Every structure is written in structure tokens, then in C-alpha cells.
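Engineer: Quick one: the structure is below, and I'll ask about it shortly.
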DNA sequence: TAACCGTACTATAACGTTTTAGCGGTTATA
DNA sequence: TATAACCGCTAAAACGTTATAGTACGGTTA
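Chains as they are written, first to last, in the numbering used here: chain A, 1 to 339; chain B, 1001 to 1339.
Structure below.
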């Protein structure tokens, strides 16, 4: 049940394995293999449906044509869609993807890096967790191309593709203000990672620019590791505890989803009783009644950038870090229009 | 920048690579390596953080500790969630996952099988496309364990994990009947794969059992490759063309999602004007107002079964095919209650 | 005619591991 | 006293590639 190897072809063609390797790697000209022999080898390889054993090739060349994709949660719509784009794009270059979810847990992330490392992946696309900078730096030091996504470490040089979180949050908040909402809360995560900081900053600055004084009581930070019940309870508690609240900005898509659920179970009317905007788009937001206003990430563009940067680095490593910040799109829907 | 190899350890310990290999593979006793040497090797390996090169190991043993996961669309909630479960479960056995999406396109699926094959994955979890049986049989013949999911080929023996589509559809339809709906349509796919046939059969049989005559005009089959516009247009056309329609059963989650969108754009009230049940659960169904009744698949259970069957076959191949049919759960929500 | 050159290949080593066969020495068995 | 068995370990081959160095041979140059 073994596959066809280069030796089988060599035997049938009456040449050495070396010659076969040269021909099949397109080095026939360079290595002065005659057209005759070259053609013959091609033909036999075709007939036998020869496919090089990637393990052997990887062992010899050190290149596995595999990239490691580390996301927060592959079951999450945002990351799943991204995984699809990455799969598609990588395929164009002949690369395959090994994936893993961190659950935003640094230990899990370290474990994933470790596994991918000794599986010799050529490069990484990583949604980093909190304290992963040391490990990432080490990997970079070892010459492995890494492109970060969704977030990055401001103090550490790296390639990354992110969105303009600050501007997105600013635009979303500004939109609420323009619609006449004035006591606007934000529900975000306890994470102190850059993308969440930027979103909070955008929210704050938009309020200030509108002459609205910011208020710590309107900022709710929730930990990552609650279950559905936990999120709903916390959000309900927060929303009801805050007098005069008339709008809320959810800083991630899952918070938005829990938020909607919470608001509805309170019996409030989205739009009229409380304006709602969420970060990230989602089928749910589009189909909900009323549909939910959001700042959407350009998923395909993110994926394309990630892979293209990685491929560039794989082929000719540079010293300059490629850092892409993509714009977000405010998609206005009824959830923020009925003040 | 090379990693630590068995040779490095051997050198430091003053023994041969063979001895190191024996010790590190837990064969110290069996190969009569002294405790002294054994301990020393362990210690050095630990200190150097030795991790075996999986490529080399794979080349030698023929086992890559990698499984190939072929789904219809990794961006789809159902498959993404499943991918997560598979990742989790496989990890417990030390396996990693290479994934790929077929888009339900047989040619893409064949390509994926090909790639995974020459990447020497040890086993496969596959959501098969229409004419993939030949390729799958061939792979089985080559001794590669394969577990099918979501659907299977009735005429071809194989391991599989599916849900009881017939009963699920039957229960859903029966539920609508009991709620007083009587002119019940089904929107399904043109696919003639077994899972869709079973669902249609369940729908038909439930109607017959209730003494309702079935009617071809109430069955709408849509192709897979429409875009969002296309689905919405087709569904709207169908729903409006059918006089007296009072309920509809959507046979997949994406059809359910498009269905909701279509019904709403027609201005109809879900529940009162038209009862709705969908196959598969989804956050959208839970959060929609009114929330949508559905038959939910036990995702974790499916994933666990898939991986555990695969692992069993990987360790000791049997000749008996393991075929698991899991029950579906009817989750009753307001969309089917207001006749 | 010896030195050199170009052509068309090939032998060999190496990547890091696992596995098989075996080695030199001591001890037990017939 | 010959030999079989055991002990603790190692040499070498193999997995399928690719890269380096080299070879044999005919032709050209000086």
C-alpha cells in the first residue's frame, strides 16, 4: 500500500533518482538533462500519478508547505469565516492549514505554538493571547514568519493585520450621538489587549468630542470565561443598574449577541427604549428585528492580507514589518435609529 | 536554528541515538536499558526540551498523528462548531487536524482527498459530496480509516456518524400538525443525498400519518449554488405562489435563515401567518423574534463519536463498520405555536 | 597528444527518526 | 567444558526526498 516514489519512476525510466528529482522539480534545463529523458520521466510520472511525499520533502528541505493558524475560537463566526478565507488563499500557494483554538487562554496558546513548532509548520497566523509576546519573539528569532491578527503587541515589532478599532468605535459612538442618544454605555471585556483598549478609547473620545462627559459607571467590563447565563446576568444587572441609560455599544460580536438576548429578556424595545450598536457583523444582527447596527470587519480583505504577507515573508524574508490597518464599515440598521 | 535532535541528547549522555530513542519511547524496560542511563537520558531530554521531529518520525513510521477533516463549509456554524469539537477531541489523543471545505463540489473534494493523501494523514473525517464514493472506497482499500459524517452512501459499507434525519423531520412535521397547521410545505435542496431524502421522507410520512394528503406543489427543492439573493427570491416566489400555505419546514439551517429573511421581507408574521420549523439549531433561531422552532443536532456528541471511532480504527482496525445514528432534539419555540 | 571543456548524467550524503540485527562479555545450564 | 542464555547497549539500514560533488565520454584547443 505504499505510494509511488521517485525510485519507482527512476527504475521504469532507467535513470537515477537524482535525475527524476531534477526533472520533476523543473531543474531539467539548469541541470542539463536532455529533453528526451526529461519527457520520458514526465510521462512516467504522469502515468503513475506520482505525488511527492511531503514528509520526506519536508524533512530534507525544512519546508512543509503548512501554515499554523491559531485563533481564539474556531467555532466563532468571525474566526470560522476567517479560517475559510485563509484556507482558500493558502491553497492558491499550495499551502495547507493546521488550526487551533486558544480560548484566549495563554497556556493553551503556548501549547499550540509548541505543537505546531515541532510539526515544523513554515509560518504562523496568530490571534495572540495576553502574554504570548515572549513566545512569539522567540519564534521570530528562529526565523519563522509570523503574522498577527485582530490584535498585536504595541511594544513588540511584528507583522500584523488589524482593523482600525479606534476609528470603528469612534464612528459607532458618534453615530449614536447623532441619532440623539445621550447616555451611552459600553460593554466590553476585561482584556487589556490593544484592540479592546482602542475600542474603549474610541468610545470615550467620541463622547468627549460631542461634549458629553464620560462616566466610569457607563463602562462595563466582563471577563471572557463566563458562560451564557453568566454573560446574560451580568449584562442585565449592568443595564438595569444604570439610570437613564438610552444606548449601549457592545464591543465584540459575542457581547452583542448576549446583549440582545439580555435586553429582550428585560422586555425592553431595542431602538426605542435603548439604542444598540455592536462591533462585528453577524447573520444574527442582519436578521434580528429590529436589525442591529454594527461596525463590520472586512473579513475577506483581512484573510487575503494575512496570507499574502505570510507568503511574501516565506519567500523572501524582509526586516521591515508589514503592518496593515484596515478600515471598518458602519452598517446602519434600525437598532440605533428610533430615539 | 535547528531544533534539538536525538543525536544531541545522545552526545551529551555519551550513548548512542538508538538508546535515546528506546528510552524516550518508553521501551527502556523492554530493551533492557539500565535505570541509570535511562534516568540520565530523561533528564537531558527534559533540560534540552527535546521534542521529536514529527516529520522524521512520520517518514519512518508512516504515522503522522494528523487527521484530515473535510467538511462542506468551515465558515458554516454547524461545521465550524463541529471542527472545534473534533479539534478538542483529537488533541486528547495527540492528533492535529488538517481541514478543508468542499463547497459540496465533488471536484474540490477529490482535490482535498488527494492533497491530504500525499500529506500522509493517518485518517479522515469526511462530509462526502455526491460522487465521492469511488475515491473513498479506494482510500479504504489502502487501509486508511475513514469516518463519514452528516451523510453516507447507503450502498457502500463505511463507518459513519449521522443523525436520525427521518425521525427528526417526522417529529418536526408532526409537531406542526399538532399545533393545528395543515397546509405544510417543505423547502429542501435538490441534492439527492441520503440525508436529504430521509428528511423529505420523514416529512411525507408524518403528513400521511396525520391523514393529510401530500402534495408535490408543497415541496420546493433549491440548488446549493445560489447566492443570498437567489435563495431569497426563490423562497419568496415559492411561498407566495402556494395558496393557503400555513406552515413551512426548512430542511437545513441555511435554508431556515434565508427562509426567515424571505418571510420577513414579505411582511408576514412568523407563527401566526406562517408556522416555521427549521432543521439544525443556530444562535439566530434562538434570538429571533419570534424564536424559531428547530430540530437540533447533538454537535458535541457527533464530534466525540467521530473521533473516538477514528481512533479505535487507527489503533486496531476492525472489519465491522461502526455506524452511529444519533437522535435529534425538537426544540419548540414560538415560531410554530401561534396558529 | 596532453590538457581542457562541456554534456548528460549519477553516487552519495543528509534530513531525524525507528527498527533490526548483533556484539562482547558474564552467568547459568547440560 | 562446551554452549546456551542473558545483559546492556550499539551499528547500520531504512523511510523518500534533495543537494553537492563528481564521473565518463566525446570534442576542442594549443
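In this text, a Cβ means the ideal position worked out from N, Cα and C, and glycines have one as well. Just so you know, these numbers come straight off a predicted model, no measurement behind them.
1) Any idea which residues DSSP pairs residue 1276 of chain B with across the strands?
2) So which residues on chain A does residue 1096 of chain B lean against when the C-beta distance must stay under 7 angstroms?
3) Consult DSSP for residue 109 of chain A and reduce its assignment to one of helix, strand or coil.
4) Do the CB positions of residue 1132 of chain B and residue 1098 of chain B come within less than 8 angstroms of each other?
5) Identify, in the order they occur along the chain, each residue of the same chain with its Cβ nearer than 7 angstroms to the Cβ of residue 307 of chain A, setting aside the five sequence neighbours on each side.
6) What span of residues does the beta strand (DSSP E) with residue 1149 of chain B cover, start to end?
7) Quick check: the region 1101 to 1112 of chain B against the region 114 to 128 of chain A, are at least 3 beta-carbon pairs closer than 8 angstroms?
8) Measuring straight from C-alpha to C-alpha, what distance separates residue 320 of chain A and residue 145 of chain A?
9) Does any residue of chain A bring its CB to less than 8 angstroms from the CB of residue 1283 of chain B?
10) List, from N- to C-terminal side, the alpha helix (DSSP H) runs of 4 residues or more that fit wholly inside the region 41 to 119 of chain A.
11) Under 6 angstroms Cβ to Cβ from residue 1340 of chain B, same chain only, skipping five residues before and after it: list those, please.
12) DSSP puts residue 1181 of chain B in a beta bridge; with which residues?
13) Since residue 220 of chain A is in the beta strand (DSSP E), which residue starts that stretch and which ends it?
14) How should residue 1217 of chain B be labelled, buried or exposed, when 16 other C-beta atoms within 10 angstroms of its C-beta is the threshold for buried?
15) Between which residues of its own chain and residue 327 of chain A is the CB-CB distance below 6 angstroms, once the five residues before and five after are set aside?
16) How long is the line joining the alpha carbons of residue 183 of chain A and residue 210 of chain A, rounded to whole angstroms?
17) If you reduce the DSSP assignment to three classes, tell me which class residue 1030 of chain B lands in.
18) Per DSSP, which residues does residue 1322 of chain B bridge with? Please list them.
19) In chain A, which residues lie less than 9 angstroms from residue 1256 of chain B when you measure between Cβ atoms?
20) Contact check, residue 1177 of chain B vs residue 1212 of chain B under 8 angstroms by CB: the rounded distance?
21) Are the Cβ atoms of residue 1290 of chain B and residue 1263 of chain B separated by less than 8 angstroms?
22) Taking 7 angstroms as the limit between beta carbons, can you name the residues of its chain near residue 242 of chain A, skipping five residues before and five after?
23) Kindly indicate which three-state DSSP category residue 23 of chain A falls into: helix, strand or coil?
24) State the DSSP-derived secondary structure class of residue 169 of chain A, mapped to helix, strand or coil.
25) Output needed in chain order: residues of the region 73 to 84 of chain A with a Cβ under 9 angstroms from some Cβ in chain B.
26) Anything in chain A within Cβ reach of residue 1087 of chain B, meaning under 8 angstroms, just list it in chain order.
27) Does the distance from the CB of residue 1235 of chain B to the CB of residue 287 of chain A come in under 8 angstroms?
28) Can you give the Cα-Cα distance for residue 83 of chain A and residue 1074 of chain B, rounded to whole angstroms?
29) DSSP three-state label for residue 1258 of chain B, please.
30) Step through the CB atoms of chain A and report whether any lies within less than 8 angstroms of the CB of residue 1052 of chain B.
31) Are the Cβ atoms of residue 1395 of chain B and residue 10 of chain A separated by less than 8 angstroms?
32) With H, G and I counted as helix, E and B as strand and the rest as coil, what does DSSP make of residue 1189 of chain B?
33) Which term fits residue 1272 of chain B, buried or exposed, when burial requires 16 or more other beta carbons within 10 angstroms of its beta carbon?
34) Going by beta carbon distance, what residues of the same chain come within less than 7 angstroms of residue 1080 of chain B, once the five residues before and after it are set aside?
35) Need the endpoints of the alpha helix (DSSP H) that residue 1302 of chain B sits in, please.
36) If I'm right that residue 1265 of chain B touches residue 1293 of chain B with Cβ under 8 angstroms, what's the distance once you round it to whole angstroms?
Structural biologist: Straight from the coordinates:
1) Your numbering for residue 1276 of chain B matches position 276 in the second chain. For residue 1276 of chain B, which the question treats as bridged, DSSP gives the partners B/1248.
2) Residue numbering aside, residue 1096 of chain B sits at position 96 when the second chain is read from its first letter. Under the 7 angstroms cutoff, chain A gives 98, 115, 119.
3) In the first chain, counting from the first residue as 1, residue 109 of chain A sits at position 109. Of the three classes helix, strand and coil, the one that applies to residue 109 of chain A here is helix, per DSSP.
4) Position 132 of the second chain, counted from the start, is the residue given in the question as residue 1132 of chain B. Position 98 of the second chain, counted from the start, is the residue given in the question as residue 1098 of chain B. Contact flag unset, no.
5) In the first chain, residue 307 of chain A corresponds to position 307, counting from 1. 86, 89, 90, listed in sequence order.
6) Here residue 1149 of chain B refers to the residue found at position 149 when the second chain is read from its first residue. Taken as a continuous stretch (DSSP letters only), the beta strand (DSSP E) holding residue 1149 of chain B covers 1146 to 1149.
7) no
8) For the purposes of this step, residue 320 of chain A is taken as the residue at position 320 of the first chain. For the purposes of this step, residue 145 of chain A is taken as the residue at position 145 of the first chain. C-alpha separation (whole angstroms): 12 angstroms.
9) The sequence position of residue 1283 of chain B within the second chain is 283, counting from 1. Residue 1283 of chain B counts as touching chain A.
10) 54 to 61, 77 to 92, 106 to 118
11) With chain B covering 1001 to 1339 only, the question about residue 1340 of chain B has no answer from this structure.
12) The sequence position of residue 1181 of chain B within the second chain is 181, counting from 1. Residue 1181 of chain B is not bridged to any residue.
13) The count along the first chain starts at 1 and reaches residue 220 of chain A at position 220. That run of the beta strand (DSSP E) goes 219 to 222.
14) Residue 1217 of chain B sits at position 217 when you count from the first residue of the second chain. Counting Cβ neighbours within 10 Å, residue 1217 of chain B comes out exposed, since fewer than 16 surround it.
15) Along the first chain, read from residue 1 onward, the residue named residue 327 of chain A stands at position 327. Within the same chain, residue 327 of chain A has close Cβ partners 164.
16) Here residue 183 of chain A refers to the residue found at position 183 of the first chain. Here residue 210 of chain A refers to the residue found at position 210 of the first chain. Distance between the alpha carbons of residue 183 of chain A and residue 210 of chain A is about 12 angstroms.
17) Working through the second chain from its first residue, we reach residue 1030 of chain B at position 30. Here residue 1030 of chain B sits in coil by DSSP.
18) Position 322 of the second chain, counted from the first residue, corresponds to residue 1322 of chain B. Beta-bridge pairing links residue 1322 of chain B to no other residue.
19) Translated into the one-based positions of the second chain, residue 1256 of chain B becomes position 256. The contacting residues do not exist; residue 1256 of chain B stays about 10 angstroms from chain A at best.
20) Walking along the second chain from the start, residue 1177 of chain B turns up at place 177. Walking along the second chain from the start, residue 1212 of chain B turns up at place 212. With 8 angstroms as the limit, residue 1177 of chain B and residue 1212 of chain B qualify as a contact, their Cβ atoms being about 7 angstroms apart.
21) In the second chain, residue 1290 of chain B corresponds to position 290, counting from 1. In the second chain, residue 1263 of chain B corresponds to position 263, counting from 1. Contact: no.
22) In the first chain, residue 242 of chain A corresponds to position 242, counting from 1. Correct list, in chain order: 185, 217, 218.
23) On the first chain, residue 23 of chain A is found 23 positions in, with the first residue counted as 1. Helix, per DSSP.
24) Translated into the one-based positions of the first chain, residue 169 of chain A becomes position 169. Reduced to three states, the DSSP call for residue 169 of chain A is helix.
25) 73, 74, 75, 76, 77, 79, 80, 81, 82, 83, 84
26) Taking the second chain and counting its residues from 1, the one referred to as residue 1087 of chain B is at position 87. Within 8 angstroms Cβ-Cβ: 74, 99, 100, 101.
27) Translated into the one-based positions of the second chain, residue 1235 of chain B becomes position 235. Translated into the one-based positions of the first chain, residue 287 of chain A becomes position 287. For residue 1235 of chain B and residue 287 of chain A, no; Cβs fall outside 8 angstroms.
28) As a working note, residue 83 of chain A is residue 83 in the first chain. As a working note, residue 1074 of chain B is residue 74 in the second chain. C-alpha separation (whole angstroms): 7 angstroms.
29) Counting from 1 along the second chain, the entry for residue 1258 of chain B is found at position 258. DSSP places residue 1258 of chain B in helix when its eight states are reduced to three.
30) Stepping through the second chain from its first residue, residue 1052 of chain B is reached at position 52. Yes, its Cβ sits closer than 8 angstroms to a Cβ of chain A.
31) What is shown of chain B runs 1001 to 1339, which leaves residue 1395 of chain B out entirely.
32) Along the second chain, read from residue 1 onward, the residue named residue 1189 of chain B stands at position 189. Residue 1189 of chain B falls in the strand class under three-state DSSP.
33) Mapped onto the second chain, residue 1272 of chain B falls at position 272. Label assigned to residue 1272 of chain B: exposed.
34) The sequence position of residue 1080 of chain B within the second chain is 80, counting from 1. Correct list, in chain order: 1074.
35) Translated into the one-based positions of the second chain, residue 1302 of chain B becomes position 302. Counting along the chain, the alpha helix (DSSP H) containing residue 1302 of chain B begins and ends at 1299 to 1315.
36) Within the second chain, the letter at position 265 stands for residue 1265 of chain B. Within the second chain, the letter at position 293 stands for residue 1293 of chain B. Wrong, their Cβ atoms sit about 21 angstroms apart, outside the cutoff.
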